[in-house]
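Last residue of the sequence shown: 1434 (the working numbering), numbering continuous. One structure below.
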Amino acid sequence: MATRTKFSKFRSLYEVIEGLLDTYTHEGVVEILAESHDLDLSVSTLRSYLYRYKKRLKVLSVATEDSSRQVEIKQKAVKQIVVDLRGSDPIQEDDTDSEDDSDKALTAEELQAALDEMKRQVEAERK
């Protein structure tokens, strides 16, 4: 039988690792994985695996959304005020105009094309 890679073991233990991270530091999780789950990782490798796996989960969650739904993008105006901490007077105000035509909403076809491209990228990463 072929041996599993460390990352494949990490993937199968991901829920356990997330639970451990609620209580333990990365160093503690590495020790527990080595002792209880026969997975020897360095702290930097654990951090790298966490980043990679969360990034992949995020891409997959976006790619698996029901693409047949109509997507409505709402734009809102945002007002930023920068205040000098030594005083209460605003030193800079910036209104963002939501009616700016330079950032138009994507069509359903453009959104579907982007979703298809992301699916192709995920499949290519799996190979």
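Positions of the beta carbon are idealized from the N, C-alpha and C atoms, including for glycine. Just so we're clear, the structure is a prediction, and the values are computed from it rather than from any experiment.
Is residue i close to chain C? Criterion is C-beta to C-beta, closer than 8 Å.
i: Leu1320; result: No chain C is present in this structure, which holds just one protein chain.
Under a Cβ-count criterion, where at least 16 other Cβ atoms within 10 Å of its own Cβ denotes burial, should residue i be classed as buried or exposed?
i: Leu1367; result: exposed
i: Tyr1356; result: buried
i: Leu1353; result: buried
Expressed to the nearest angstrom, what Euclidean distance is found between the alpha-carbon atoms of residue i and residue j?
i: Asp1408; j: Lys1426; result: With a pLDDT of 48 at Asp1408, under the threshold of 50, the modelled position of that residue is not reliable, and no figure is offered here.
i: Glu1322; j: Ala1420; result: 32 Å
i: Arg1433; j: Ile1324; result: 22 Å
i: Lys1365; j: Asp1329; result: 20 Å
i: Gln1428; j: Tyr1358; result: 18 Å
i: Ser1315; j: Glu1342; result: 18 Å
i: Glu1363; j: Asp1423; result: Here the sequence assigns Arg to residue 1363, which means Glu is not the residue at that position. Each residue's Cα considered, the two are about 16 Å apart.
Can you name, in chain order, every residue of its own chain whose Cβ lies under 7 Å from the Cβ of residue i, other than the five neighbours on each side?
i: Lys1313; result: Leu1346 and Leu1348
i: Thr1414; result: none
Kindly list the residues whose CB is nearer than 8 Å to the CB of residue i, restricted to its own chain and excluding five residues on each side of it in sequence; keep chain order.
i: Lys1361; result: none
i: Ile1339; result: Leu1327 and Tyr1331
i: Leu1303; result: With the chain running from 1308 to 1434 in the structure shown, residue 1303 is simply not present.
i: Glu1334; result: Val1350
Which same chain residues end up closer than 6 Å to residue i when comparing Cβ atoms and leaving out the 5 residues on each side of it in sequence?
i: Phe1317; result: Tyr1356
i: Val1337; result: Leu1348, Val1350 and Leu1353
i: Ala1416; result: Per the sequence shown, residue 1416 should be read as Glu rather than Ala. So no residue of the chain qualifies.
i: Arg1311; result: none
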